[in-house]
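First the structure, in the form of structure tokens, and then the observations on it.
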Amino acid sequence: MSLASILAPSLLAGDHANLAASARSAAEVAPWLHIDIMDGQFVPNLSFGPEVPAALRRAGLKTFFDTHLMLAEPQKYVEAFAKAGANNISIHIEPAYDHRATLARIRELGCQCGIVLNPGTPASAIEPLVALVDLVLVMTVQPGFGGQPFRTDMLAKLGEIDGWRKLRALKFRLEVDGGVDLATAAQCRAAGADTFVAGTSFFKAADRAAFAKAFAAL
Ligand code: DX5
Ligand code: ZN
């Protein structure tokens with residue numbers, strides 16, 4: 000039995016001069032909001048700090064905050080994002096830090112935890128951690144920027160990770176991020192994904208409610 004599909008619009012593609020309005024527009028139609036945090040080191044771009052989710056909570060946003068830390072030293076910031084109202088905090092496998100301890104710390108802070116891998120990172124890199132997480136995020140673009148084309152070569156990686164999940168009866172969500180629209184999401188769903196980050200495709204959709212409905216039906 001596969002998990003029901005979840006759409007997580009990505010705030011990065013929203014209006015940075017009016018993030019609350021963009022977050023509300025997403026929350027009206029989608030259960031999760033994806034919040035990208037970039038440090039200019041692990042990825043060549045900067046985005047939001049913990050004050051953004053904290054301010055969105057103060058502005059009344061109650062949606063599930065799916066927080067994607069693209070940071071060289073995420074262990075230093077998990078507490079700040081938990082306090083800022085994150086529901087899930089996902090950390091990358093690529094930088095060198097204590098992944099297990101950081102995942103445990105995220106749980107201890109009362110959040111769900113996720114592990115993320117870049118397109119160039121083989122699935123085997125996260126294999127020892129999959130029993131410890133609530134979510135595995137497979138990047139379907141090189142992280143750092145929205146609006147990049149979906150990498151079809153990541154579908155096999157999704158299938159591999161979904162295979163472990165079935166074999167070991169694990170319960171983590173399998174999320175994709177980067178170049179996801181309705182067509183690429185359908186391919187990801189067929190390969191085992193159940194959670195879909197959509198930045199450009201969501202905020203550019205002429206009818207966001209119809210867009211979200213189509214995702215929910217995947
Ligand atoms: C990329 C970010 C994504 C980004 C996706 O580094 O992790 O979440 O917002 O944007 P789209 O959907 O436009 O590819
Ligand atoms: Zn992301």
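If you number the sequence shown the way numbering that gives the first Met the number 0 does, the last residue is 217 and the count never jumps. Glycine included, C-beta positions come from ideal geometry on N, C-alpha and C.
Q.
In this structure, how does DSSP classify D133 when only helix, strand and coil are distinguished?
A. D133: coil per DSSP, three-state reduction.
Q) Who are the near neighbours of A204 in its chain, counting only those whose CB is closer than 8 Å to its CB and skipping five residues on each side? A) If we look at A204 and ignore the five residues flanking it on each side, its Cβ neighbours are F210.
Q | Any non-hydrogen atom of the ligand ZN closer than 7 Å to V196 Cβ | A | Yes, the beta carbon of V196 sits closer than 7 Å to at least one heavy atom of the ligand ZN.
Q: Determine the extent of the beta strand (DSSP E) in which L116 is found, giving its start and end residues.
A: Where L116 is concerned, the enclosing beta strand (DSSP E) stretches over Q111 to L116.
(Q) Less than 8 Å between C-beta atoms, sequence neighbours within five positions excluded: which residues of the same chain meet that for Y219? (A) The question about residue 219 has no answer, for the chain in this structure spans 0 to 217.
Q: Report whether the distance from the Cβ of Q147 to the nearest heavy atom of the ligand DX5 is below 7 Å.
A: At a cut-off of 7 Å, the beta-carbon of Q147 counts as near the ligand DX5: some heavy atom of the ligand is closer than that.
Q. Taking the alpha carbon of A25 as the point to measure from, which residue in R150, A216 and V196 has its own alpha carbon closest?
A. Out of R150, A216 and V196, V196 has the C-alpha closest to the C-alpha of A25.
Q) Are at least three pairs of beta-carbons, each pair with one atom in the stretch 94 to 113 and one in the stretch 79 to 86, less than 8 Å apart? A) Because the criterion of three Cβ pairs below 8 Å is met, the stretch 94 to 113 and the stretch 79 to 86 touch.
Q.
Just to confirm the assignment, what range does the alpha helix (DSSP H) spanning R167 have?
A. Unbroken run through R167: none, as it is neither H nor E.
Q. Would the beta-carbon of H91 be found less than 7 Å away from any heavy atom of the ligand ZN?
A. Placement of the Cβ of H91 at a distance of 7 Å or more from every heavy atom of the ligand ZN is found.
Q: Kindly indicate which residue of V137, V129, E107 and L128 has the alpha-carbon position closest to the one of T120.
A: In terms of Cα proximity to T120, the closest of V137, V129, E107 and L128 is V137.
Q) Which whole-angstrom value describes the C-beta separation of A12 and G177, a residue pair presumed to lie in contact below a C-beta threshold of 8 Å? A) The beta carbons of A12 and G177 sit about 11 Å from each other, so the pair does not count as a contact at 8 Å.
Q) If you drop the 5 nearest sequence neighbours on each side, which residues of the same chain put their C-beta closer than 7 Å to that of L2? A) Excluding positions up to five away in sequence, the list reads R172 and D193.
Q | Rounded straight-line distance, which links the Cα of L181 to that of F201 | A | Whole-angstrom Cα-Cα distance: 10 Å.
Q) Is any heavy atom in the ligand DX5 found nearer than 7 Å to the beta carbon of P142? A) Within 7 Å of the C-beta of P142 there is at least one heavy atom belonging to the ligand DX5.
Q: Let me know the secondary structure DSSP gives A197 once reduced to three states.
A: Note: A197 maps to strand in three-state DSSP.
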